[in-house]
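Engineer:
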Amino acid sequence: MYSDILLATGGEAASDRATDHAIELAAHHDATLHVLFVVDSDVYDAYSGDEYVDEREGPEHGLEEVGEEAVETVAERAREAGVDVEPTIRHGRPPETIVDVARAVGADLVVMGTRRRPDEYRSLLGSVTDRVLRLAEMPVTVIKTPVE
Numbered sequence: 001m002y003s004d005i006l007l008a009t010g011g012e013a014a015s016d017r018a019t020d021h022a023i024e025l026a027a028h029h030d031a032t033l034h035v036l037f038v039v040d041s042d043v044y045d046a047y048s049g050d051e052y053v054d055e056r057e058g059p060e061h062g063l064e065e066v067g068e069e070a071v072e073t074v075a076e077r078a079r080e081a082g083v084d085v086e087p088t089i090r091h092g093r094p095p096e097t098i099v100d101v102a103r104a105v106g107a108d109l110v111v112m113g114t115r116r117r118p119d120e121y122r123s124l125l126g127s128v129t130d131r132v133l134r135l136a137e138m139p140v141t142v143i144k145t146p147v148e
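According to my numbering, the sequence shown holds residues 1 to 148 in order.
Below, the structure written as structure tokens:
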């Protein structure tokens, strides 16, 4: 049923259950798991960069390090489960980039995690998951992280 599954991860707790689910699905369907971390260009574009002596010290490099660690952690777990895995880091706006990468790899399914946020937060800022659900033409499975 699935040959290519895209897991969009932010490396946070909300992604843990989604990671488990995506790895299990990929193993069950003998699918390739594409693991994506998006370095949010809106975050680093918001900084002038005046405080950095060297452009390699900018916030995008810290975000890249977080992303590299996140995708490699998932990739190790997938390999241990016998799943073919393709880790990827992209720069851009997360919702659009996730959908673009899903299209590019021919994903049959996108898996994402989410956690409960206050209604005020969602009404002001929305969520990456909500936007991906609106943009994607392929199925998207959302794995909720329980409120603790």
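Glycine included, each C-beta is placed from N, C-alpha and C at the ideal position. Note that the structure is predicted; figures quoted are calculated from it, not measured.
Is the separation between the beta-carbon of tyrosine 2 and that of leucine 133 shorter than 7 Å?
Structural biologist: Cβ atoms of tyrosine 2 and leucine 133: not closer than 7 Å.
Engineer: Is it buried or exposed, alanine 104, if we count other Cβ atoms within 10 angstroms and call 16 or more buried?
Structural biologist: Alanine 104 is exposed by the Cβ-count criterion.
Engineer: Pull up the DSSP beta-bridge partners for glycine 106, would you.
Structural biologist: Answer is none; glycine 106 lacks a bridge partner.
Engineer: To which residues of the same chain is glutamate 76 closer than 6 Å at the C-beta, ignoring the five residues directly before and after it?
Structural biologist: No residues qualify anywhere along the chain.
Engineer: For glycine 113 and valine 142, what's the separation of their Cα atoms in angstroms?
Structural biologist: Rounded to whole angstroms, glycine 113 to valine 142 spans 6 Å at the Cα level.
Engineer: For proline 146, does the count of other Cβ atoms within 10 angstroms reach 16, so buried, or fall short, so exposed?
Structural biologist: Its Cβ having fewer than 16 others within 10 Å, proline 146 is exposed.
Engineer: Assign leucine 124 to one of two classes, buried (16 or more other C-beta atoms within 10 Å of its C-beta) or exposed (fewer than that).
Structural biologist: Per-residue confidence for leucine 124 stands at a pLDDT of 45, beneath the threshold of 50, marking its modelled position as unreliable; the derived number appears in the next sentence. Classification of leucine 124: exposed, given that the 10 Å Cβ count is below 16.
Engineer: For aspartate 130, name the three-state secondary structure that DSSP assigns.
Structural biologist: If DSSP states are grouped into helix, strand and coil, aspartate 130 belongs with the helices.
Engineer: Name the two residues that bound the continuous beta strand (DSSP E) containing glutamate 12.
Structural biologist: Where glutamate 12 is concerned, there is no enclosing beta strand (DSSP E), given that its DSSP letter is neither H nor E.
Engineer: Could you tell me the alpha carbon to alpha carbon distance between alanine 18 and valine 71, rounded to whole angstroms?
Structural biologist: Roughly 13 Å between the two C-alpha positions.
Engineer: For aspartate 100, list the residues DSSP reports as bridge partners.
Structural biologist: In the DSSP output, where bridge partners are listed per residue, aspartate 100 has none listed.
Engineer: How far does the beta strand (DSSP E) with glutamate 137 in it extend, from its first residue to its last?
Structural biologist: Segment: none, glutamate 137 is in no beta strand (DSSP E) and carries neither H nor E.
Engineer: Could you work out which residue in Val74, Gly11, Arg115 is closest to proline 87 when comparing CA atoms only?
Structural biologist: Residue Val74 is the option with its Cα nearest to proline 87.
Engineer: Distance check for isoleucine 98 and valine 128, CA to CA, integer angstroms please.
Structural biologist: If I take the Cα positions, the gap works out to 9 Å.
Engineer: Closer than 7 Å by C-beta to glutamate 69: which residues in its own chain qualify, once you throw out the five before and the five after it? Chain order, please.
Structural biologist: Once the five neighbours on either side are set aside, the close Cβ partners of glutamate 69 are Gly11.
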